[in-house]
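If you read the sequences in order, they're chains A and B. The first sequence begins at 357 in our numbering and counts up one residue at a time. The second sequence begins at 357 in our numbering and counts up one residue at a time. Glycine residues also receive a C-beta, built at the ideal position from the N, C-alpha and C atoms. Keep in mind that this is a model prediction, so the values were computed, not measured. Worksheet: the structure to be examined is printed underneath.
Protein chains: 2
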Amino acid sequence: MSRPKLSPVPAKLADIAAATGLSLSTVSRVLNRRKLHERLSRKTTERVHAAARRLGYLPHHGAQALATNRSLVIGAAVPPNPVGRKEESSPLGDEYLGKLLGHAEVFFRARGFDLLLLNAADSKSLCARSAAKFRARQIDGVLLAGNTSALTLRTLELEGVPAVAVDYAGPLAAGSHVGLDNRGAIAVGLDHLQSLGHRRIAFLGRHGRTVYADIAVRRRAFREEMARRGLASGSSSFADWPAPEIQGSQESGAWAADQIAALPLRRRPTAILTVDDVQAFAVVQRLREHGLFCPLDVSVVGFDDSSPARLSSPALTTIDHGLQVIAERAGAVLLECIEHRREGKVFPPVREKIPARLIRRESTARAIR
Amino acid sequence: MSRPKLSPVPAKLADIAAATGLSLSTVSRVLNRRKLHERLSRKTTERVHAAARRLGYLPHHGAQALATNRSLVIGAAVPPNPVGRKEESSPLGDEYLGKLLGHAEVFFRARGFDLLLLNAADSKSLCARSAAKFRARQIDGVLLAGNTSALTLRTLELEGVPAVAVDYAGPLAAGSHVGLDNRGAIAVGLDHLQSLGHRRIAFLGRHGRTVYADIAVRRRAFREEMARRGLASGSSSFADWPAPEIQGSQESGAWAADQIAALPLRRRPTAILTVDDVQAFAVVQRLREHGLFCPLDVSVVGFDDSSPARLSSPALTTIDHGLQVIAERAGAVLLECIEHRREGKVFPPVREKIPARLIRRESTARAIR
DNA sequence: CTGAAAGCGCTTACAG
DNA sequence: CTGAAAGCGCTTACAG
């Protein structure tokens, strides 16, 4: 069947009305029927739909926004320089953020919403832009991804902009938030290592701004979990927290490997929990230069399940944020929030922690010591 | 000075009219004055602007779109799985794409346009979505980033959607395109190596789908350039094109290093041009395992200027796409295209090649042999 | 079950 | 230099 050649300017409601001999109101009602209790004759319904299809009807978004006071667009706020880089460009290139946005996009699209990019040079202008777009009726709410400052969320709240922070890694004074259960993530990693017989396990932190990893929380969780399990912390045998001049994942990973290699065998951790995959790779690589092999001599657990984790050798066992779940829950919360505001009700802030998953690959093995 | 508390619903034109005692038309005209020849009394102008500021006026985007028939939104089309990954998620996480979109966003924002995310599961639905959004007046045009199929661009053209492909790496049958001068990029790399005294230079290709690197073109350019310069191709001494089972950057890099290490000194290339930074890193690392050091024994040139290039040791000399220029030129072309369409004129396709830049760092040094 | 009418907020010829 | 009026395309009480 030959699809009719679509004109560049699509049919409007009036065209359907003319084609079917029905009124504008009826056509509109058929097309928007949401409640089942709206009764419309079966015949009318069919005629309208047929005509709409035949004419290639597409509602004018602007007109709809004007009439309904909702834009069906969500602002995706991505703050600048999430990893502390001096780059002039946006942080969209971050794999973590990309996945998050990708999943969010799919979620919202399925619900009729689109995602509008909301970059900004700093979080202050981010707030300003978000609020402006909201007040200009161009977006219905904001998804705050990446290294959102707590202040941003609070500011938006105050401006009356529905917003939810996604996987934010810091203290939050106010507002809704959906993110990784950092504490549980550590437990998941330890469960795995323990099941492999590891008892001397180290945790490795790092300096530098971080997009989503709440390292302090993880470190505390690590200590408490180790104590709870009655395990000897491998961290006690080396400094798990690099000196301030060791910045970033690569550097801290290499540094830790040097430290570990210098330890006498009996004090050396048999497994190490890192804070991101890049750090884990650096550890593995530098250990190798010391003649220590992963997972033979030391098991290494990454964090983030970045794409190289699957491809490297040994493929990296890593802790996955479950970004799809995080994005979807955050999306759902945002939609709820929007709905509440729309009905004039206040929306009590939601805080949700999503459990981490361990992706078992080749960088962890049974403890030999 | 205390900013007046903004109401969540911003003032509208009528409010300004009321506040100033002027008519709607006048207020609108003042606010939109674009041509200088529109004369408006200085006093009126000032009154309107003052009131607008005081009331926190923001134009309703939907209403404007309805009245002007333009949305001031550009669709950013990012096709699925640019690197051939099986991921369900979007490819936004790719650093290359992220930079491109980031620069585009800045460019368009400065001109009053926003970027709407246009993901899709495959290029067919990408076309469908783009066209629908365009016809629904939600976007004014489409920026096609990443591994756009030539077909996509053509389809959009046929549907009457203003579109431009950005840094697309393949043959293009139709449509506008702005991208890296792949050929020139090779020349830039060779210029650099030649200035360091290298004469035995190798090129390394790779298999696997590629987002933006037109490897075939680069390879051909390499051969022609080498011949033109009267240089002995180091490629002739090892296979520059891995066997099909060697997929991806890491693998092909390691493979090439193995090959090179196995060559007798006099036939070994002293420098190697890679196809992306990841491949370059793999080469450097594997060479090291063979006891060959970069840049001491072999100089290595990366491609893309990815963020690790700056951080690794040795820091990677690499070829930069100049993504900011590419994004900005593509943006400008798209805006022109939109303008033409709007005036009913046809827009003759533009093809623009942007010169590459060499970023000199530590992985290249004077040839010692 | 369906239609006439008002309205969403803005722009733009057309008069003056 | 400024204003009155029509119109952009859609939705939604309100009648019937």
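(Q) Quick check on the burial criterion: 16 or more other C-beta atoms within 10 angstroms. Buried or exposed for A:E580? (A) Counting from one through the first sequence, the residue named residue 580 of chain A turns up at place 224. Per the 10 Å Cβ criterion, exposed.
**Q.** Anticipated Cβ contact below 8 Å, B:V640 with B:S719, distance rounded
**A.** Stepping through the second sequence from its first residue, residue 640 of chain B is reached at position 284. Stepping through the second sequence from its first residue, residue 719 of chain B is reached at position 363. About 7 Å separates the two Cβ atoms, so the contact holds.
Q: Give every residue of the same chain whose Cβ lies closer than 6 Å to the Cβ of B:V656, excluding the five residues on either side of it in the sequence, and list them in chain order.
A: Locating residue 656 of chain B in the second sequence gives position 300, where the first residue counts as 1. Cβ contact annotation for B:V656 (same chain, cutoff 6 Å, sequence separation greater than five): I628, A636, V639, V640, C650, S719, in chain order.
Q) How would you list, in chain order, the residues of chain B whose beta-carbon sits under 7 Å from the beta-carbon of A:S486? A) Here residue 486 of chain A corresponds to residue number 130 of the first sequence, with the count starting at 1. Under the 7 Å cutoff, chain B gives no residues; its nearest Cβ is about 12 Å from A:S486.
Q | Per-residue DSSP class, three states only, for A:E444 | A | As a first step, residue 444 of chain A is located in the first sequence; it is residue number 88 there, counting from the start. Bear in mind that a pLDDT of 42 at A:E444, under 50, signals an unreliable position, so the number given afterwards is only what the model happens to contain. Coil.
Q: Please state whether DSSP places A:K522 in a helix, a strand or coil.
A: As a working note, residue 522 of chain A is residue 166 in the first sequence. This sequence places Val at residue 522 of chain A; Lys is not what is there. Of the three classes helix, strand and coil, the one that applies to A:V522 here is strand, per DSSP.
Q: Rank A:P670, A:L648, A:A466, A:R426 by C-alpha distance to the C-alpha of A:T497 and give the top, closest one.
A: Your numbering for residue 497 of chain A matches position 141 in the first sequence. Looking at the sequence provided, one finds Gly at residue 497 of chain A rather than Thr. Comparing Cα positions, the closest option is A:R426.
Q) Around the Cβ of A:S445, are there at least 16 other Cβ atoms within 10 angstroms (buried) or fewer (exposed)? A) Here residue 445 of chain A is taken as the residue at index 89 of the first sequence, counted from 1. Unreliable placement is indicated for A:S445, whose pLDDT of 43 sits below 50; the coordinate value is still reported in the next sentence. Buried, because 16 or more other Cβ atoms sit within 10 Å of the Cβ of A:S445.
Q: Taking C-beta pairs closer than 8 Å, name the residues in chain B that A:N475 reaches, listed in chain order.
A: Taking the first residue of the first sequence as position 1, residue 475 of chain A is located at position 119. G458, E461, V462, R465, listed in chain order.
Q. DSSP on A:K701, reduced to helix/strand/coil?
A. The count along the first sequence starts at 1 and reaches residue 701 of chain A at position 345. Reduced to three states, the DSSP call for A:K701 is coil.
(Q) A:A407 and A:A375 - do their beta-carbons sit closer together than 8 Å? (A) The count along the first sequence starts at 1 and reaches residue 375 of chain A at position 19. The count along the first sequence starts at 1 and reaches residue 407 of chain A at position 51. In this structure, A:A375 lies near A:A407, with their beta-carbon atoms less than 8 Å apart.
Q. Does DSSP put A:G540 in a helix, a strand or coil?
A. On the first sequence, residue 540 of chain A is found 184 positions in, with the first residue counted as 1. Helix at A:G540.
Q) In chain A, which residues lie less than 9 Å from B:G604 when you measure between Cβ atoms? A) Along the second sequence, read from residue 1 onward, the residue named residue 604 of chain B stands at position 248. Against B:G604, the close residues of chain A are L667, in the order they occur along the chain (beta-carbon pairs closer than 9 Å).
Q) Taking the alpha-carbon positions, what's the A:F703 to B:G431 distance? A) One-based indexing of the first sequence puts residue 703 of chain A at position 347. One-based indexing of the second sequence puts residue 431 of chain B at position 75. A direct Cα-to-Cα measurement between A:F703 and B:G431 gives close to 32 Å.
Q: Would you please verify whether the beta carbon of B:R409 is less than 8 Å from any beta carbon of chain A?
A: Start at 1 with the first residue of the second sequence, and residue 409 of chain B comes out as number 53. For B:R409, the answer is no, since every Cβ of chain A falls outside 8 Å of its Cβ.
Q: May I ask you to report which of helix, strand or coil DSSP gives A:G658?
A: Position 302 of the first sequence holds residue 658 of chain A. The answer is strand: DSSP assigns A:G658 an E or B state.
Q) Is the Cβ-Cβ distance between A:S479 and A:L507 less than 8 Å? A) On the first sequence, residue 479 of chain A is found 123 positions in, with the first residue counted as 1. On the first sequence, residue 507 of chain A is found 151 positions in, with the first residue counted as 1. Yes, the Cβ-Cβ distance between A:S479 and A:L507 is below 8 Å.
Q) Which stretch, first to last residue, makes up the alpha helix (DSSP H) that contains A:G454? A) Position 98 of the first sequence, counted from the start, is the residue given in the question as residue 454 of chain A. Here the alpha helix (DSSP H) through A:G454 covers 451–466.
Q. How far does the beta strand (DSSP E) with B:A712 in it reach, from first residue to last?
A. Along the second sequence, one-based indexing puts residue 712 of chain B at 356. Counting along the chain, B:A712 falls outside any beta strand (DSSP E), and DSSP gives it neither H nor E.
Q. Ends of the beta strand (DSSP E) at A:I495?
A. Start at 1 with the first residue of the first sequence, and residue 495 of chain A comes out as number 139. First-last for A:I495: undefined, no H or E at that position.
(Q) Just verifying my parser: in three-state terms, what is the DSSP assignment at A:P438? (A) To locate residue 438 of chain A, count along the first sequence from 1; it is residue 82. Its pLDDT being 43, under 50, A:P438 is placed unreliably by the model, and nothing is read from it.
Q | Beta-carbon proximity list for A:K442, same chain, < 8 Å, skipping 5 on both sides | A | Taking the first sequence and counting its residues from 1, one reaches residue 442 of chain A at position 86. Note on A:K442: pLDDT 40, under 50, position unreliable in the model; the coordinate value appears next. Result list for A:K442: empty, nothing under 8 Å.
**Q.** Beta bridge counterpart(s) of B:D676 as assigned by DSSP
**A.** Indexing the second sequence from 1 puts residue 676 of chain B at position 320. Partner(s): B:R713.
Q.
Against A:L509, what residues of chain B qualify as contacts under a CB-to-CB distance less than 9 Å, listed in chain order?
A. Counting from one through the first sequence, the residue named residue 509 of chain A turns up at place 153. Neighbours of A:L509 on chain B: none; closest Cβ ~17 Å, over 9 Å.
Q | Other residues of its chain near B:P366: CB distance less than 8 Å, five sequence neighbours each side excluded | A | One-based indexing of the second sequence puts residue 366 of chain B at position 10. Hits under 8 Å: L411, G412, Y413, L414.
Q.
Just to confirm the assignment, what range does the beta strand (DSSP E) spanning A:I571 have?
A. Residue 571 of chain A sits at position 215 when you count from the first residue of the first sequence. Element bounds for A:I571: not the beta strand (DSSP E) but the alpha helix (DSSP H), 571–584.
Q) Helix or strand or just coil, what does DSSP make of A:G412? A) Taking the first sequence and counting its residues from 1, the one referred to as residue 412 of chain A is at position 56. If DSSP states are grouped into helix, strand and coil, A:G412 belongs with coil.
**Q.** B:A519 burial status per 10 Å Cβ neighbour count (16 or more: buried)
**A.** The residue labelled residue 519 of chain B in the question sits at position 163 within the second sequence. The residue in question, B:A519, is buried, as its Cβ has 16 or more Cβ neighbours within 10 Å.
Q) Hey, is A:D371's beta-carbon within less than 8 Å of any beta-carbon in chain B? A) As a first step, residue 371 of chain A must be located in the first sequence, where it is residue number 15. At a cut-off of 8 Å between C-beta atoms, A:D371 does not count as an interface residue with respect to chain B.
**Q.** Pair within 8 Å by beta-carbon distance, B:A501 and B:A433
**A.** Working through the second sequence from its first residue, we reach residue 501 of chain B at position 145. Working through the second sequence from its first residue, we reach residue 433 of chain B at position 77. Yes, they are a contact pair.
Q) By Cβ distance, which residues of its chain are closer than 8 Å to A:F464, with the 5 residues on each side in sequence left out? A) The sequence position of residue 464 of chain A within the first sequence is 108, counting from 1. Same-chain partners within the cutoff: I430, D470, L471, G687.
Q: Rounded to whole angstroms, what's the CA-CA distance from A:V404 to B:Q603? Just pull it up for me.
A: The count along the first sequence starts at 1 and reaches residue 404 of chain A at position 48. The count along the second sequence starts at 1 and reaches residue 603 of chain B at position 247. Whole-angstrom Cα-Cα distance: 53 Å.
Q.
Between A:P670 and chain B, is any beta-carbon pair separated by less than 8 Å?
A. Position 314 of the first sequence holds residue 670 of chain A. Not an interface residue.
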